[in-house]
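35 is the number that the numbering used here gives to position 23 of the sequence shown; each next residue is one higher, with no gaps. Written below as structure tokens is the structure these notes are about.
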Amino acid sequence: MLRLASLLVFSNVAVASILIFGVSLSLKNSRNADIYEAQQAAANLANSLSIEIGAQMHLIENSLSTIAFRVSDANSEDERNKIVTKELAEQGMLLSQVSNLRFADASGAVGIKINGKTTDVSEFSHFISAAHAERMVFSEPVVCDDSNEWWAAAKTECNT
């Protein structure tokens, strides 16, 4: 009788151990599958976002190239600012992102007047560090004090 009881206890422990092992293995495989699916979803989202950002950057680049081409014929700073203002307004109708671009001259004055005032970015750390760059430099996004809009300034003249 004792032998039968020991055999039953042993078999119950063995069955319980097999069940615990099976459930553990199943949970581990399920977790690994969930991790793999999450990694695939993240990779797909990153790829889609990368493609979309690339396309938007290409559109903005084309828009800025158009503005640069039209500004190249300007003879004075005032004429250049008028052309940039007009072109940004036109390009802003086609591309909403462009309406948030502002251009600063070498002194840090943003050429577009907001509420009748010219905005000055000469004290912004990013502008100070980019002041002597040999190329166009875009600032980090800033909030304009006068209009409370987010925008980015681009330094358009190079200091040598």
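Think of the CB as a built atom: it goes at the ideal place given N, C-alpha and C, for glycine as much as any other residue.
Over the uninterrupted alpha helix (DSSP H) stretch that includes residue i, give me the two end residues.
| i | result |
| --- | --- |
| E135 | That residue, E135, is in no alpha helix (DSSP H); it is neither H nor E in DSSP. |
| A53 | L14 to V83 |
| A101 | E89 to L106 |
In the DSSP output, what is residue i paired with across the bridge?
| i | result |
| --- | --- |
| A121 | D132 |
My understanding is that residue i touches residue j, with C-beta atoms under 8 angstroms, so please give their C-beta distance in whole angstroms.
| i | j | result |
| --- | --- | --- |
| L107 | L61 | Actually they are not in contact, since the Cβ atoms of L107 and L61 sit about 18 angstroms apart, beyond 8 angstroms. |
| I79 | E99 | 4 angstroms |
| R92 | A86 | 4 angstroms |
| S75 | Q103 | 4 angstroms |
| Q51 | Q109 | Wrong, their Cβ atoms sit about 31 angstroms apart, outside the cutoff. |
So, at 8 angstroms on beta carbons, what are the nonlocal neighbours of residue i in its own chain, with the 5 sequence-adjacent residues on each side left out?
| i | result |
| --- | --- |
| V27 | none |
Near residue i, what residues of its chain come up, given a Cβ to Cβ distance below 7 angstroms and the 5 sequence neighbours on each side ignored?
| i | result |
| --- | --- |
| V83 | R92, I95 and V96 |
| G120 | D132, V133, S134 and F139 |
If you drop the 5 nearest sequence neighbours on each side, which residues of the same chain put their C-beta closer than 6 angstroms to that of residue i?
| i | result |
| --- | --- |
| A54 | none |
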